[in-house]
Each structure stands twice: as structure tokens, then as C-alpha cells.
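In what follows, a single structure is set out as C-alpha cells and then discussed.
2 protein chains.
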Amino acid sequence: MAHHNIDIQSAFEAVCALFHNLQPHEKEKIRANFTCSYIKRGEIIFRDGEIPTGLVCLYKGKVKIFKEGVGGRDQIVRMAKPVGFFGYRAMFADENHIATAEALEDSIICTIERDCLLEILKTNADLTFHILKSLATELGFSNNRTITLTQKHIRGRLAESLLFLRDTYGLEDDEQTIKVYLSREDLANLSNMTTSNAIRTLSGFCNESVIELDGRRIKILDAYKLDRISNLG
Amino acid sequence: MAHHNIDIQSAFEAVCALFHNLQPHEKEKIRANFTCSYIKRGEIIFRDGEIPTGLVCLYKGKVKIFKEGVGGRDQIVRMAKPVGFFGYRAMFADENHIATAEALEDSIICTIERDCLLEILKTNADLTFHILKSLATELGFSNNRTITLTQKHIRGRLAESLLFLRDTYGLEDDEQTIKVYLSREDLANLSNMTTSNAIRTLSGFCNESVIELDGRRIKILDAYKLDRISNLG
DNA sequence: AATAAAATATGCTTTTAAACATCCGGTCGC
DNA sequence: GCGACCGGATGTTTAAAAGCATATTTTATT
């Protein structure tokens, strides 16, 4: 790992910037309980059932968080982007993880040791409220997502997923290509469908000139139409 | 409303008991911003799109929180029981409500005015952390629920809903009858299925002697079998 | 470079649950 | 008392998506 030469100081500052209203002594406390590591594409960061060891932050790369469902079918419940936290829900709820986190590309993740963070939260109401707000927002997303995944048809679900990926990771310089390269299987697991149907529907969109495909590269040609499919399909 | 003679003092104490670590001056502040009202069965407490006015607490009765989905099909996202809060997610996320709350039976609800509560939270880290924890737990439920509703088959979804209702509202004195009386339509909206299918599946369970039906009264005869259907069906 | 393994593509079949159509029984309002 | 309406029950039809089979292409491994 050492040969990757992670710039811990930069990572530390970037992570701390996510916290608002951090007192100097709190920052030093975090520094003393802060670790960084390099994660290769495909590696597991934590597994369903494990005890959360701390607050995980993605400094570089992309991570999917998924749950294994009925008959081994995975559902992606979250896509983490840098710089942002993930895997904190279980820690705050005082539960074991209920999902698995896997790096989608080579990534750098940082961890703030659990007890250290909890101690800071016990006295910093501002910071605690900030996290509370994030959780409330996320719960809203989750509720919306439930409706989408259960009620929209395949085309609508996939269209929404593509728009979600665009909104989460942004576009390449061409202003059209979604800045994340998922396998058809991951797209399917994000959209609650089989891999076959993801492939089929994707090539359907392609025929209708809504998107353009080049391997895992997805170019959104007609965002308006994609939005319409998402909302009415 | 006055003729219903709500015991505001008892309600106030019961609601405050939900908060831990409340300072005396905070309690008085809440008392000054505390209102109670009587809600008839079928009445709407708040609607999707409205601005949250405060923290709502159910003191007596039962309330369903649902979202209208594609083609007017509702999905129940939460069932509130006394004494407990609901409708707080939107307030904490600084959003408008994304769901509608309706009383399932005659109920008494109390409201703590929004700004009053937020002020208290700004300085009471303990209390804020407590709410944070609840939200984290709820987000876990929501994620689990998404998997259930998308991946389980009709029988599994309905079985899980029945067990969920039992766990939420408990059983009558006979130790078998679920202590909530939902219409077939509500059961369907809880389980992501059409009303016809809820009726059909329910009478299926009845034929298999897993449950016993008497109108809206549902008796769980074989909890073990119901659990198995939920997990494997 | 050769081979194996994984990912993608596509056609066909089957299953599931929605949609639709009645029908029944109770309740409400007039 | 009558008709309208609502909730519940049940059978039939239809559509959507899963499942399965099989190519083909790409990527990884030796």
C-alpha cells in the first residue's frame, strides 16, 4: 500500500471540510484517529453483517453499496462519490452493517474511528444536527426510490437510474457521457431488473436515439426524452 | 373540538417522555409551543407538498403515511403508533412533505412548533443525537423494505406486512388477533400489490390455516408458517 | 498467442401479477 | 324501501418481466 503514496494530509483536510463547525481541538482528535487506505477495483470495503468500525469517507474513486436480496439478487442502495461519507447509517443506528460496500474503481478511503467521532458528536450539537439533516434527506430519497422501484415499469426505472447516475457523478467534457462506467449487471441491480432486461432496454433506448452506447460508455443524446420516459414510462 | 375534552397535560407529559435529556427550561419552552387536536378517522393530518409546521406526535389512535405513486397507486411508507412522532423527516431535511398522513381511526395528535424545537436542538446535542439515531434506524428499515417490496413475491410481501403490523401494533388479548384493522386496500398499499391480489392472497393464507379472517380482523394461527412464507415465499 | 472466463447480446418460453369484469353483501341517504 | 355506493370476493384475460438458452464479444490468465 505504501507504494501508492497517498497524500494523507490532503485527504484529511478534504474530509474535515465535510464537517461544519469543527472546533480546533476536535479536529486534532480526529487527526489522531484518522486512517487512509488504497482500495482496488472490486475489493470489498465492508460486508453485510459486519460491525461498523468507524465513519468511512471516499476520498477518490467510486463505491457501490448493495444488499443481497432474495435468491442472491443484489440491490444497489447507494452510490458513493468523492468526497463523501458512506457506511455511517449502521454505526449511528448502533447496528451491524446491512449492506456491502465494493469499490467500482481503484479508490482511496479514509476512516475516522468510531468512538472518536461519537465523542465529538456528544458535545457538538451543530455538527450532530448537520448529520441528522443528511440522514433525513437520505431517508426521503430512499422513500422516493421505493416508489420508483416498485411502481415504474422497466423503461422508467432504467431511465431514472441513468439520470440518477448523471446527477451523482456528472458528465464528461463532452457534456453527454455519464461519468461512471457500470456493468450491465450493476445497472440492473441499481434499477431492480435482470441483467438481460437492462441490456434489452438499454439497446431499446439506443434505437430510439435517446442514448448512445459504446461499451460501458453511455452518452445521453436526449435528456428531455429520458426524463419523460422516467416520469411516464 | 373542545367537547372532546383532551387531557393536554397528560399528552404533554407523554410526549416529553419521548425526549431524553430535556432540561427544565427546554420543557417549559415546549409547553408554550405545544398544541393538541382531535382528528377523526379518515381525516388528513398533512398532505404531500405541504410545508411542515412542526413535529407531530400521535398521542392516541393510528395513522398511515403514504405516497401517491404512478397512476394514483398509493404506497404506505410508515404506520405511526402512539406515543410516537411522525412527519418529522421533511422538517429536518428542510423540505416540504413528500407524503400524506391520514388517521386510520379517531386520533389525538400533538404538535410542537417547528422553530421552538429547532432552537432546542441547536444546543442540546444529546437530544439531537437521539433523533439522529432514530433516523438512522428508520433508514435501515426503509432499505430493507425496498428489497422486500421489489424482490419478494406477493405471498412473501403480504406475509411480511402482516408480521410487521403485528410487531408494530401488537396483538389483542387472545394473543392472536392483530391489533389493527385495515381495509384490504390499505393492506395492498402497504404490500405493493393490487387490492384484488391482497384479497386473493389473504384468502389463500386462510385456506392454508395460516391465518383466520373475520372481516378486517386478522388472526395469526401459525406465526411460524407465516414467517417462513415471508422469508422464502 | 492461446485459452478460459466473464460480459454482452438476443431470441424464445414461462410465470407472475396487473387489469378487467362481475357478483355479493352491507350501509347510507333520501 | 329503494337505489347508490363501497368494500370485499372471485374468475378470466392480458401484459410485463423473469427465466432460460445460446451466441458472440471482450477481458483476463497462463
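These protein sequence lines map, in sequence, to chains G and B.
Using our numbering, the first residue of the first sequence is number 150, and each one after it goes up by one.
Using our numbering, the first residue of the second sequence is number 150, and each one after it goes up by one.
Note that the Cβ used here is the ideal one computed from N, Cα and C, for glycine as well.
Here the structure is a predicted model, which means the values were calculated and not measured.
Ranges of the alpha helix (DSSP H) found wholly within the stretch 160–211 of chain B, counting only runs of at least 4: 173–181
B/G386 versus B/L336 - alpha carbon distance: With chain B covering only 150 through 382, there is no way to say anything about residue 386 of chain B.
Status (buried if at least 16 other CB within 10 Å, exposed otherwise) for B/D323: exposed
Given G/R238 as reference, the closest of G/D197, G/I367, G/E254, G/G218 once Cα atoms are compared: G/D197
Helix, strand or coil at G/Q213 according to DSSP, with G and I counted as helix: The residue you asked about is not Gln; residue 213 of chain G is Lys in the sequence shown. Strand, per DSSP.
Residues that B/S332 bridges to, as DSSP identifies them: Answer is none; B/S332 lacks a bridge partner.
Contact under 8 Å by Cβ, B/I327 with B/I367: yes
Residue-chain proximity (G/S340, chain B), Cβ-Cβ < 8 Å: no
Segment limits, beta strand (DSSP E) that includes G/D223: 223–229
As assigned by DSSP and simplified to three states, the class of G/L366: Inspection of the sequence shows that residue 366 of chain G is occupied by Arg rather than by Leu. Strand.
Residues that DSSP places opposite B/L320 in a beta bridge: B/I327
Contact the stretch 206–223 of chain G vs the stretch 293–301 of chain G: 3+ CB pairs below 8 Å: no
Beta-carbon proximity of G/I369 to G/Q325, cut-off 8 Å: yes
is_contact[B/D335, chain G] using C-beta, thresh 8 Å: no
Cβ-Cβ distance between G/P201 and G/R263 below 8 Å: yes
Under 8 Å between C-beta atoms of B/F195 and B/F161: no
Alpha helix (DSSP H) runs wholly inside the stretch 238–278 of chain B, at least 4 long, in chain order: 238–242, 263–272
For B/L266 and B/G203, the rounded distance between their alpha carbons: 8 Å
Reduced DSSP category for B/G220 - H, G, I as helix; E, B as strand; rest coil: helix
Beta-carbon contacts of B/C355 that lie in its chain and below 8 Å, excluding the five residues immediately before and after: E361, L362
Contacts that B/N293 makes with chain G (C-beta to C-beta distance below 9 Å): K216, I247
Enclosing beta strand (DSSP E) for B/G353 [first to last residue]: Run containing B/G353: none in the beta strand (DSSP E); it sits in the alpha helix (DSSP H), 344–356.
B/I378 classed as buried or exposed, judged by whether at least 16 other C-beta atoms fall within 10 angstroms: buried
Proximity of B/N380 and G/V226 at Cβ, strictly below 8 Å: no
Cross-chain neighbours of G/Q300 in chain B, by beta carbon under 9 Å: G218, V219, G220, R222, Q224, N341
B/K271: contacting residues in chain G (beta-carbon distance under 9 Å): A274, D275, F278
Segment contact, 8 Å Cβ cut-off, at least three pairs: the stretch 220–234 of chain G with the stretch 268–279 of chain G: no
CB contact flag (G/S186, G/I258, <8 Å): yes
Beta-carbon gap between B/H169 and B/H246 smaller than 8 Å: no
Strand pairing of G/E361, partner residues [DSSP]: G/K368
Per DSSP, cross-strand counterpart(s) of G/G233: G/L207
DSSP three-state assignment for B/N341, whether helix, strand or coil: coil
Chain B within 8 Å of G/I296, Cβ atoms only: yes
Distance between B/E192 and B/L375 (C-alpha atoms, nearest Å): 33 Å
Option nearest B/I296 by Cα separation, candidates B/A181, B/K176, B/E309: B/E309
Closer than 8 Å to chain G by CB, B/M150: The predicted model places B/M150 with a pLDDT of 44, which falls under 50 and marks its position as unreliable, so this point remains unresolved.
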